[in-house]
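Using the numbering used here, you'd call the opening residue of the sequence shown number 534 and step up by one each time. Just so you know, even glycine gets a beta-carbon here, dropped at the ideal spot from N, CA and C. Keep in mind that this is a model prediction, so the values were computed, not measured.
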Amino acid sequence: MKPLPSLSPLLAPARARLAPLLDQARQRHQALSARERRLLHALALLAAAALAYLLLIEPAARDVQRLRAELPALRAQAAQVAGFVRDAAALRRQTAAARRELPPAADVQASLARAGLESKQGALAAADGGLRLTLAQAPAARLMRWLQACEQDWGLTVKQADLVRAANPYGRLLPGLVDGTLLLDLPDKAPGS
534 MKPLPSLSPL LAPARARLAP LLDQARQRHQ ALSARERRLL HALALLAAAA LAYLLLIEPA
594 ARDVQRLRAE LPALRAQAAQ VAGFVRDAAA LRRQTAAARR ELPPAADVQA SLARAGLESK
654 QGALAAADGG LRLTLAQAPA ARLMRWLQAC EQDWGLTVKQ ADLVRAANPY GRLLPGLVDG
714 TLLLDLPDKA PGS
């Protein structure tokens with residue numbers, strides 16, 4: 534590995550040009566009286582202090598002012614977020630209360646139709662305190678998506694499932710289709726209520 538070149542040869546021309554100026558400044562400084570030197574040193578200290586203020590203190594003070602001006606807006610946003618949290622908690626309590634009752638059969642039937650499980654594929658009836666869904670050649674993938682939506686929307690879960698793969702009139706199994714019944718009910722509902 535090659536050693537790095539020294540900076541001395543690179544700085545030599547600049548040093549050569551500045552040397553006479555530095556010598557001249559040194560001579561002028563020595564030619565000054567003691568009082569003038571003290572004044573010059575005080576002026577240099579004042580200039581250094583002004584430079585430190587401009588570079589270090591003033592930007593920080595400007596940032597503090599800006600942050601103080603932004604603080605009320607941030608507090609308002611925090612209050613708004615806290616309001617949203619309270620509203621979400623209230624909605625969660627309302628949803629939990631609504632899930633204590635079975636949804637109307639008409640709503641569930643409309644949901645079946647929207648999911649593509651038309652009446653010929655799924656008939657709904659009240660049974661055993663829940664809802665019994667009878668299926669005939671229903672697409673299994675749509676049925677699974679619909680069951681997931683039922684759990685999210687109404688809190689309905691499958692209490693009993695008797696499903697078999699659908700077959701045509703000649704006994705040949707149909708791919709992706711199911712026949713059978715499902716009993717849907719609320720998970721925390723007490724039996725017989």
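- For the pair L657 and Q670, the CB atoms are not nearer than the 8 Å cut-off.
- Its Cα nearest to that of P636, the residue L664 stands out among A580, A609, L664.
- Taking C-beta atoms as the reference points, V697 and L680 fail to come closer than 8 Å.
- From the listed residues A699, V711, R705, Y586, the smallest Cα separation to M677 is found for V711.
- The Cβ atoms of G713 and D695 sit closer than 8 Å to each other.
- For L635, the secondary structure class from DSSP, reduced to helix, strand or coil, is coil.
- H562 places its beta carbon less than 8 Å from that of R570.
- Per DSSP, the beta-bridge partners of D712 are V697.
- Residue state for P702 is assigned as coil, using DSSP reduced to three classes.
- For the 8 Å CB-CB criterion, Q693 and L719 do not form a contact.
- For a cut-off of 8 Å, the C-beta gap from R675 to A648 is around 6 Å, short enough to register as a contact.
- Per DSSP, the unbroken alpha helix (DSSP H) holding A577 starts and ends at 567-585.
- Counting other Cβ atoms within 10 Å of its Cβ, G616 stays below 16 and is therefore classed as exposed.
- G688 sits buried, since 16 or more C-beta atoms from the chains shown fall within 10 Å of its C-beta.
- Residue state for L689 is assigned as coil, using DSSP reduced to three classes.
- Membership of P672 in the beta strand (DSSP E) is indicated by the continuous run 663-672.
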